[in-house]
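Visitor: Residue 0 is where the sequence shown starts when you use numbering that gives the first Met the number 0, and the numbers rise one by one after that.
Built from N, CA and C at the ideal position, the CB exists for glycine as well.
Okay, here's the structure, questions in a sec.
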Amino acid sequence: MSFTKLTVSTLALTALAAGTAAARDQVQVAGSSTVLPYASIVAEAFGENTDFPTPVVESGGSSAGLKRFCEGVGENTIDVANASRAIREKEIAACADAGVTDIIEVRIGYDGIVFASQQSGPAFTAFEPTDIFNALAPKVMVDGELVDNPYTKWNEFNADLPDAEIAAFIPGTKHGTREVFEEKVLAAGCEATGALEAMVAGGMSEDDAEDACLAVRTDGKSVDIDGDYTETLARIDANPNGIGVFGLAFYENNQDKLKVATMSGIEPKTETIASGEYPVSRPLYFYIKKAHIGVIPGLKEYAQFFISDDLAGPSGPLANYGLVSDPELSKTQAMVNEEKTMGEGM
Numbered sequence: 000m001s002f003t004k005l006t007v008s009t010l011a012l013t014a015l016a017a018g019t020a021a022a023r024d025q026v027q028v029a030g031s032s033t034v035l036p037y038a039s040i041v042a043e044a045f046g047e048n049t050d051f052p053t054p055v056v057e058s059g060g061s062s063a064g065l066k067r068f069c070e071g072v073g074e075n076t077i078d079v080a081n082a083s084r085a086i087r088e089k090e091i092a093a094c095a096d097a098g099v100t101d102i103i104e105v106r107i108g109y110d111g112i113v114f115a116s117q118q119s120g121p122a123f124t125a126f127e128p129t130d131i132f133n134a135l136a137p138k139v140m141v142d143g144e145l146v147d148n149p150y151t152k153w154n155e156f157n158a159d160l161p162d163a164e165i166a167a168f169i170p171g172t173k174h175g176t177r178e179v180f181e182e183k184v185l186a187a188g189c190e191a192t193g194a195l196e197a198m199v200a201g202g203m204s205e206d207d208a209e210d211a212c213l214a215v216r217t218d219g220k221s222v223d224i225d226g227d228y229t230e231t232l233a234r235i236d237a238n239p240n241g242i243g244v245f246g247l248a249f250y251e252n253n254q255d256k257l258k259v260a261t262m263s264g265i266e267p268k269t270e271t272i273a274s275g276e277y278p279v280s281r282p283l284y285f286y287i288k289k290a291h292i293g294v295i296p297g298l299k300e301y302a303q304f305f306i307s308d309d310l311a312g313p314s315g316p317l318a319n320y321g322l323v324s325d326p327e328l329s330k331t332q333a334m335v336n337e338e339k340t341m342g343e344g345m
């Protein structure tokens, strides 16, 4: 693998950060805790196999990383934001308002969202989105009526689930994982149980009902975790009935502590995500400030290194940590090589 070091031009440096004597010599990355393990592996390998310093990679969640990314252009701002969801229109607008107008979107592959519990705890092997909705929603359907959630145990609404207290630890709202959890599990369960239809029939607008479908109960049965997956794991370690929401890679790296639940009868693993069988999966991304390319040494090379066949391909080391290789990886490689920004296409 060969990567040629960029020359930092005085002109580009002046345009990026007027009044500074020299640009940073390390790429700075922040964002998704799901992408963090992949980015950390790549950063370390990049530092070891090129002439560039090892990039600084921080976590904090997709939303937090994109917020930092959109603070502006200059060496006092990060170069790359990792995200386990696509950047939102309001974030693109916030970026533009701060002068971040040329953004390169890089899809690195796919990941699954898994539900996992203690190895020695109850076995959850029959989940459907309706079960998660019935366990966590503030209002659910009982005997054809939309009522305050009466359930305290899983088997009260599904006899195939354990006779165990509901204790769910889900990602906080700043995590990209939460958005996928809401859209592919809560929203799907809300519609399948008839709760969405009942809300609209009760006088809610469709938009308000859809928003209400994403709400979770506040009586302690559902707990938002604002930290990374290690915090969720600690909560499960302390609660034998607890079940948490994780990225596939984190689960696969902690199988000595966790056992995974199926969703719609499908076990989450690389093969079922790649085939589309597992219903709760999502693409993973990172975003680059084009204005920093050629100014922050190694930025473009880091991106090229990350999505190379040697790292992100189906036989690369990232696949060993749970990343499902993107079938269109070559298109992404071409886009990065040509520095195509969002909206430009190929």
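Counting beta carbon pairs with one atom in the segment 161–171 and one in the segment 228–242, are three or more of them shorter than 8 Å?
Guide: The segment 161–171 and the segment 228–242 touch, with three or more beta-carbon pairs separated by less than 8 Å.
Visitor: Given a cut-off of 8 Å on the beta-carbon distance, is the pair Val72 and Ala318 in contact?
Guide: Position 73 of the sequence shown, counted from the first residue, corresponds to residue 72. Position 319 of the sequence shown, counted from the first residue, corresponds to residue 318. In this structure, Ala318 does not lie closer than 8 Å to Val72 by Cβ.
Visitor: Which value, in whole angstroms, describes the spacing of the CA atoms of Val415 and Gln118?
Guide: For the chain, the structure presents residues 0 to 345; residue 415 sits outside this window and is missing.
Visitor: Taking the C-alpha atoms as reference points, what is the distance between Gly64 and Ala92?
Guide: Residue 64 sits at position 65 when you count from the first residue of the sequence shown. Residue 92 sits at position 93 when you count from the first residue of the sequence shown. Taking the straight line joining both Cα atoms gives about 15 Å.
Visitor: To which residues does DSSP link Ser221 through a beta bridge?
Guide: Residue mapping note: residue 221 aligns to position 222 of the sequence shown, counting from 1. Its beta-bridge partners are Ala167.
Visitor: Do Ile265 and Leu185 have their C-beta atoms within less than 8 Å of each other?
Guide: Here residue 265 is taken as the residue at index 266 of the sequence shown, counted from 1. Here residue 185 is taken as the residue at index 186 of the sequence shown, counted from 1. Cβ distance not < 8 Å, so Ile265 and Leu185 don't count as in contact.
Visitor: Name the one or two DSSP bridge partners that Asn81 has.
Guide: Here residue 81 corresponds to residue number 82 of the sequence shown, with the count starting at 1. Beta-bridge pairing links Asn81 to Gly30, Phe285.
Visitor: Can you tell me which of the three DSSP states Val41 falls into?
Guide: Taking the sequence shown and counting its residues from 1, one reaches residue 41 at position 42. If DSSP states are grouped into helix, strand and coil, Val41 belongs with the helices.
Visitor: DSSP has Met140 in a bridge; who is on the other side?
Guide: Residue numbering aside, residue 140 sits at position 141 when the sequence shown is read from its first letter. DSSP, once it has assigned bridges, lists Leu145 as partnering Met140.
Visitor: I'd like to know whether the C-beta atoms of Arg234 and Phe168 end up nearer to each other than 8 Å.
Guide: Residue mapping note: residue 234 aligns to position 235 of the sequence shown, counting from 1. Residue mapping note: residue 168 aligns to position 169 of the sequence shown, counting from 1. In this structure, Phe168 lies closer than 8 Å to Arg234 by Cβ.
Visitor: Confirm, please, whether the CB-CB distance from Phe68 to Ala260 is below 8 Å.
Guide: Sequence index remark: in the sequence shown, residue 260 carries index 261 (1-based). Sequence index remark: in the sequence shown, residue 68 carries index 69 (1-based). No. Outside cutoff.
Visitor: Using the rule of at least 16 other Cβ atoms within 10 Å of the residue's Cβ for burial, across every protein chain shown, is Lys288 buried or exposed?
Guide: Walking along the sequence shown from the start, residue 288 turns up at place 289. That one is buried.
Visitor: Going by the CB atoms, is the gap between Ser329 and Pro313 shorter than 8 Å?
Guide: The sequence position of residue 313 within the sequence shown is 314, counting from 1. The sequence position of residue 329 within the sequence shown is 330, counting from 1. Going by C-beta atoms, Pro313 is not nearer than 8 Å to Ser329.
Visitor: Provide the residue span of the beta strand (DSSP E) that contains Glu57, from first to last.
Guide: Counted from its first residue, the sequence shown places residue 57 at position 58. Membership of Glu57 in the beta strand (DSSP E) is indicated by the continuous run 55–59.
Visitor: Would DSSP call Phe245 helix, strand or coil?
Guide: Your numbering for residue 245 matches position 246 in the sequence shown. If DSSP states are grouped into helix, strand and coil, Phe245 belongs with the strands.
Visitor: My understanding is that Gly175 touches Ser31, with C-beta atoms under 8 Å, so please give their C-beta distance in whole angstroms.
Guide: Numbered from 1 along the sequence shown, position 176 holds the residue referred to as residue 175. Numbered from 1 along the sequence shown, position 32 holds the residue referred to as residue 31. Indeed they touch by this definition, with Cβ atoms about 5 Å apart.
Visitor: If we call anything under 8 Å between Cβ atoms a contact, is Val141 one with Pro149?
Guide: The count along the sequence shown starts at 1 and reaches residue 141 at position 142. The count along the sequence shown starts at 1 and reaches residue 149 at position 150. Contact flag set, yes.
Visitor: Helix, strand or coil for Ala115? Go by DSSP, reduced to three states.
Guide: Numbered from 1 along the sequence shown, position 116 holds the residue referred to as residue 115. Ala115: strand per DSSP, three-state reduction.
Visitor: For Cys212, which option in Gln332, Thr229, Leu145 has the closest C-alpha, if you only look at C-alpha atoms?
Guide: As a working note, residue 212 is residue 213 in the sequence shown. The residue with the shortest Cα to Cα distance from Cys212 is Leu145.
Visitor: What three-state label does DSSP hand Gly64 in the structure shown?
Guide: One-based indexing of the sequence shown puts residue 64 at position 65. Of the three classes helix, strand and coil, the one that applies to Gly64 here is helix, per DSSP.
Visitor: Assess contact between the segment 90–110 and the segment 250–259, defined as three or more Cβ pairs (one per stretch) separated by less than 8 Å. Is contact present?
Guide: no
Visitor: Ala97 and Glu74: beta carbons closer than 8 Å?
Guide: Position 98 of the sequence shown, counted from the start, is the residue given in the question as residue 97. Position 75 of the sequence shown, counted from the start, is the residue given in the question as residue 74. No, Cβ-Cβ distance for Ala97 and Glu74 is not below 8 Å.
Visitor: If you drop the 5 nearest sequence neighbours on each side, which residues of the same chain put their C-beta closer than 8 Å to that of Glu338?
Guide: On the sequence shown, residue 338 is found 339 positions in, with the first residue counted as 1. Only Ile103, Lys289, Ile292, Lys299 meet the Cβ criterion.
Visitor: So what's Ser329 in DSSP terms, helix, strand or just coil?
Guide: Counted from its first residue, the sequence shown places residue 329 at position 330. Of the three classes helix, strand and coil, the one that applies to Ser329 here is helix, per DSSP.
Visitor: On the criterion of 16 or more Cβ atoms from any shown chain inside 10 Å, does Ser116 qualify as buried, or is it exposed?
Guide: For the purposes of this step, residue 116 is taken as residue 117 along the sequence shown, with counting starting at 1. The residue in question, Ser116, is buried, as its Cβ has 16 or more Cβ neighbours within 10 Å.
Visitor: With a floor of 4 residues, list each alpha helix (DSSP H) that falls wholly inside the segment 162–208, ordered by position along the chain.
Guide: 175–180, 186–192, 194–200
Visitor: Using the beta-carbon count (16 or more within 10 Å), is Asn133 buried or exposed?
Guide: Position 134 of the sequence shown holds residue 133. Buried, by the Cβ-count rule.
Visitor: I need the boundaries of the alpha helix (DSSP H) containing Leu371, first residue and last residue.
Guide: In the structure as shown, the chain starts at 0 and stops at 345, and residue 371 therefore has no counterpart that could be examined.
Visitor: Pull up the DSSP beta-bridge partners for Met262, would you.
Guide: To locate residue 262, count along the sequence shown from 1; it is residue 263. Answer is Phe126, Ile265.
Visitor: Between Phe156 and Asp147, what straight-line distance do the alpha-carbon atoms span, to the nearest angstrom?
Guide: Here residue 156 is taken as the residue at index 157 of the sequence shown, counted from 1. Here residue 147 is taken as the residue at index 148 of the sequence shown, counted from 1. For Phe156 and Asp147, the distance between alpha carbons rounds to 14 Å.
Visitor: Closest to Asn336 by CA distance: which of Thr269, Gly321, Tyr301 is it?
Guide: Against the sequence shown, residue 336 aligns to sequence position 337. Of Thr269, Gly321, Tyr301, the residue nearest in Cα terms is Tyr301.
Visitor: Please state the DSSP three-state secondary structure of Val105.
Guide: Looking up residue 105 in the sequence shown gives position 106. Here Val105 sits in strand by DSSP.
Visitor: Exposed or buried, which one is Ala208 when buried takes at least 16 other CB atoms within 10 Å?
Guide: For the purposes of this step, residue 208 is identified with residue 209 of the sequence shown, where counting begins at 1. So Ala208 ends up on the buried side.
Visitor: Once DSSP output is grouped into helix, strand and coil, what is the label at Lys256?
Guide: Walking along the sequence shown from the start, residue 256 turns up at place 257. Correct three-state label for Lys256: coil.
Visitor: Please report the Cβ distance between Phe245 and Val105, rounded to the nearest whole angstrom; I am assuming they are in contact, meaning their Cβ atoms lie under 8 Å.
Guide: As a first step, residue 245 must be located in the sequence shown, where it is residue number 246. As a first step, residue 105 must be located in the sequence shown, where it is residue number 106. Wrong, their Cβ atoms sit about 23 Å apart, outside the cutoff.
Visitor: Taking C-beta to C-beta, are Val26 and Ala38 nearer than 8 Å?
Guide: As a first step, residue 26 is located in the sequence shown; it is residue number 27 there, counting from the start. As a first step, residue 38 is located in the sequence shown; it is residue number 39 there, counting from the start. Their beta carbons are not under 8 Å apart, which means Val26 does not touch Ala38 by this criterion.
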